[in-house]
Amino acid sequence: MEVALSWYLTLSAVLFVIGVAGVLFRSNLIVILMSVELMLNAANVALVALSQSMGEVSGQVLVFFVMSVAAAEAAIGLAIVIAIFRNKLTVDINNINLFKW
Amino acid sequence: MGADRAILLIVLLPAAGAVLNGLLPLFWPQLRRSEALIGTIGTAVIAVPFVLAVTLFLQGFSEPEVVPFYTWMGAGDFSVSVAYRIDHLSLIMTLVVTGVGALIHLYSIGYMHGDRSFWKFFAYLNLFIFMMLNLVLADNLLVLFLGWEGVGLCSYLLIGFWYEDFKNSAAATKAFVMNRIGDFAFLLAMFILVREVGSLSFSAIFAGADQMSAGTLNAVVLLLFIGATGKSAQIPLFTWLPDAMAGPTPVSALIHAATMVTSGLYLLARMSSVVLMAPAVMAAIAVTGAVTALVAATIAIAQTDIKRVLAYSTVSQLGFMFMASGVGAFFVAIFHVVTHAFFKACLFLGSGSVIHGMHHVERKLRHEGYNGAFDPQDMRTMGGLKRFMPQTRLTYMIATLAISGIPLTAGFFSKDEILFKAFEFGYDGHAFAWFVWAVGIGTALLTAFYMTRSYMLTFEGTSRWPRAAAVHPHESPWTITGPLMVLASLSLAGGFIGLPKLAEKLGLSNWIHSYLASHGPVAEIAATAHVSTGMEIGLILLGSLVAVGGVWWAWRFFARHELAGDGHIRVRFGGLYRWWKRSYFWDEFYGKVAVKPVIDGAEKALAPLDSAVVDGLVNAVARMALRTSSMVRHLQTGVVQAYALAIVLGVVVLIALMAG
């Protein structure tokens, strides 16, 4: 059975929405970080699928860039989370709101 | 070396000295204490240009040479370039500025020894010479004006050199503000010239002058003259010069006697061919000069501060120079500038040497526990200094004789030439010149009197400072007496460059006349009626008699009465003496008429306007920003997810718009 392009794109959209929802509504910093990763990987799925269907290799090349950015982002994000945890002994985002009026 | 290279070096060496002496010690404080190094650099960068100027002078050239360096500004048809002009007039001025300047730099090494800001002093002095050279070498009025303002700035910096004392910085501000008035007139003259001639270079102005209407021409010359009264301390703008004595004495000698204050005369001599086309203004120039000379000379009689006597004497001598310019004898004015630079620099440096000695007396007195008031510049506490400072006394006496016009000294030739020219101009049918001549003769008598008085009170008679039997001043070091000797010799011999017309009978010619006027850039009036030889001899005899008589009279008078002589004069002249003593109440007059109304007006009318309208506007803007932000800032909740939600919603809206 041939897997149609629309299936891949649907999967990508679902993953992306899950990621957005996670970033917007969860309050644990680590879960938020994971949700960001999810959004990036949703974009990767879409890129690979489109590149395959259009016979264009540059989409797949772009995926490698996205993956390296994701790796860097994870490293820095986790480092920040650890630094915050050391200071406040919590990773709950509702307790981290210094920048308000 | 070509003239252009030489000019570049002459102008730029003092600037380099100013930068070296000003910047290196600023960033490298250990250097500030090495006075020998700073003094050597400071003097060398003036002495080398002097040597260069002498070589240029010895080479000789008949045509004026213009050395352009670069175009300063150009707009449409109007362009100004930084160009220097070397001709007989600028060369003579360069020789005086660098020659006398180098001597005074050398003198300053001794005089300023131990001062905390020794380096700053030399940086300012070098900067002054640089600006003064710009002034005298400029090929157009704008570069001249650059130098004109530059020397004004240096004058301000140096009058207020000891600015910790409020009196000194007030004197500096006064000089600066009064000079601004004259400079404003100078600027207006340049604006008119740009409109009428379209250029500020001298050759263009001279060529275009006869196309101007008589009224415009008169306005230009009058405005230039008002500019000159500011810088050269003539009535009505002369009151800053006596106060300028607050600066160190070498400054008084260099800036406020020998060079800067003569730049007004230089300006008139440079523009002489234009000035000659405005005879009405020339009469005003001559009469102003005559009145200034007389007024300043009478004030000088009543002063007790040794430097103030010399300051008023400078104003008076400048008045003589303006008389010469006003009767169309510009080269004589420059001649008197030169001789005056010699003897007045000598007098000022001599007074500096005296003050140096009296400071020594003051220190000793304080050391011995004397607590009374003591002013090292007050002639009333001097007297009998010839026993302790023989070299200073000798040079001061020679310069006194020279300024009094004792025959065969420098002052005799130049002052007599001025009086002769005034007489000749009167003989030629200009009535005002008779007045100028008569005032000049009277002032010459007063000059001999007050200068001899200052000499007698300082060097002769009994010593009047406290504990005079035990405490003695001492002679100054060679860096001080050396320049004095050179200047005194020049005061004796310097006059022979301008022999009177009578000398033609002996086959001798008037060198400075042929150098500046008949083979040089300075225009002069062709006299129609010639004064006979007999009359000329009579005039010379009269001039000599006045000088010798004045000196002899004052010498006898003060040798007998000493300090009490002042009392006798006061009794004799009564109310008039009070006017002299208080400088004719000029300062009080300006205070009432100009200073107080301005300050009152500012306080009563402008200050409320300032606080209500100007400050009100600024405060309103600030308050508005405060109110707006206090409303908008509630958007910053500090909840990161709220911001993210806003971004997501924004993206959704954007996509919806793009899809639609």
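So the sequence lines, in the order shown, correspond to chains A and B. Its first residue numbered 2, the first sequence is counted upward by one per residue in my numbering. Its first residue numbered 368, the second sequence is counted upward by one per residue in my numbering. We put the beta carbon where it would ideally sit given N, CA and C, even for glycine. The structure displayed is predicted, hence computed values, not measured ones.
What do you reckon, are the CB atoms on Met499 of chain B and Val449 of chain B nearer than 8 Å?
no
In chain A, which residues lie with their C-beta within 8 Å of the C-beta of Gly1017 of chain B?
Neighbours of Gly1017 of chain B on chain A: none; closest Cβ ~13 Å, over 8 Å.
Looking only at its own chain, which residues have a Cβ that is under 7 Å from the Cβ of Ala613 of chain B, when we skip the five neighbours before and after it?
The residues are Ile526, Lys534, Asn535 and Ala538.
Chain B residues whose Cβ lies nearer than 9 Å to that of Leu41 of chain A
Near Leu41 of chain A there are no residues of chain B at all, since even the closest Cβ is about 15 Å away, more than 9 Å.
Does any C-beta atom of chain C lie closer than 8 Å to the C-beta of Lys101 of chain A?
Considering every chain present, this structure includes no chain C. Its protein chains are A and B.
I want to verify the contact list: residues of chain B whose CB lies under 9 Å from the CB of Asn85 of chain A, in sequence order.
The sequence as given places Ile at residue 85 of chain A; Asn does not occur at that position. Within chain B, no residue comes near Ile85 of chain A; the closest Cβ sits about 12 Å away, beyond 9 Å.
Entirely within the segment 938 to 1013 of chain B and at least 4 residues each: give me those alpha helix (DSSP H) ranges in chain order.
942 to 948, 953 to 957, 963 to 968 and 982 to 999
Contact check, Leu567 of chain B vs Leu509 of chain B under 8 Å by CB: the rounded distance?
5 Å
Would the beta-carbon of Ala798 of chain B be found less than 7 Å away from any heavy atom of the ligand HEM?
By its list of ligands, the structure shown contains no ligand whatsoever, and the ligand HEM lies outside what it can speak to.
8 Å Cβ cut-off: residues of chain B touching Val24 of chain A:
What Val24 of chain A touches in chain B: Gln1008 and Ala1011.
How long is the line joining the alpha carbons of Leu48 of chain A and Ala5 of chain A, rounded to whole angstroms?
15 Å
So Asn88 of chain A contacts chain B; which residues on that side make the cut at Cβ distance below 8 Å?
Within 8 Å Cβ-Cβ: nothing; Asn88 of chain A doesn't reach chain B, min ~16 Å.
Quick one: does Gly1005 of chain B have its CB under 8 Å from some CB of chain A?
Judged by the 8 Å Cβ criterion, Gly1005 of chain B is in contact with chain A.
I'd like to know if the segment 743 to 763 of chain B and the segment 783 to 791 of chain B are in contact, where contact means that at least 3 CB-CB pairs between them fall below 8 Å.
no
Go ahead and label Leu984 of chain B buried or exposed: buried means 16 or more other beta carbons lie within 10 angstroms of its beta carbon, across all protein chains shown.
exposed
In chain B, which residues lie less than 7 Å from Val21 of chain A when you measure between Cβ atoms?
Val1015
Arg452 of chain B - containing beta strand (DSSP E), residue span:
Phe445 to Ile453
Does chain B have any CB closer than 8 Å to the CB of Ile81 of chain A?
no
Looking at the C-beta of Asn96 of chain A, does it have a partner C-beta in chain B at a distance below 8 Å?
no
Whole alpha helix (DSSP H) elements within the segment 661 to 739 of chain B, 4-residue minimum
673 to 693 and 697 to 734
Name the DSSP beta bridge partners of Asp745 of chain B, please?
Note: Asp745 of chain B sits in a beta bridge opposite B:Asp672.
Is the beta carbon of Ser406 of chain B sitting closer than 8 Å to the one on Phe497 of chain B?
Here residue 406 of chain B turns out to be Gly, not Ser, going by the sequence shown. No, the Cβ-Cβ distance between Gly406 of chain B and Phe497 of chain B is not below 8 Å.
Segment limits, alpha helix (DSSP H) that includes Trp804 of chain B:
Ala798 to Phe826
Give the C-beta separation of Gly807 of chain B and Ala712 of chain B to the nearest angstrom, bearing in mind that I take them to be a contact with Cβ-Cβ under 8 Å.
23 Å between Cβ atoms; not a contact.
For Val981 of chain B and Ser36 of chain A, the rounded distance between their alpha carbons:
Going from the Cα of Ser36 of chain A to the Cα of Val981 of chain B covers about 56 Å.
Exposed or buried, Arg547 of chain B, counting other C-beta atoms within 10 Å across all chains shown (16 or more means buried)?
exposed
Would the segment 689 to 707 of chain B count as touching the segment 632 to 651 of chain B if we require 3 or more Cβ pairs under 8 Å?
Result yes; three or more Cβ-Cβ pairs closer than 8 Å.
Restricting to Cα atoms, I'd like to know which of B:Gln758, B:Ala505 and B:Ala581 is closest to Arg637 of chain B.
B:Ala505
Return the chain-ordered list of same chain residues with a C-beta closer than 7 Å to the C-beta of Phe710 of chain B, the five sequence neighbours on each side being excluded.
Ala766, Ala769, Ile770, Ala777, Gly778 and Ser858
Since I believe Thr819 of chain B is in contact with Trp922 of chain B (beta carbons under 8 Å), could you give me their beta-carbon distance rounded to a whole number of angstroms?
6 Å
Mind checking who Ala505 of chain B pairs with in its DSSP beta bridge?
B:Tyr451.
Counted within 10 angstroms of its Cβ, other Cβ atoms place Val62 of chain A as buried (16 or more) or exposed:
exposed
Please check the pair Gly549 of chain B and Ile593 of chain B, which I expect to be a contact at CB under 8 Å, by giving their CB distance rounded to whole angstroms.
6 Å
Closer than 7 Å by C-beta to Tyr822 of chain B: which residues in its own chain qualify, once you throw out the five before and the five after it? Chain order, please.
These residues qualify, in order along the chain: Tyr763, Met764 and Thr767.
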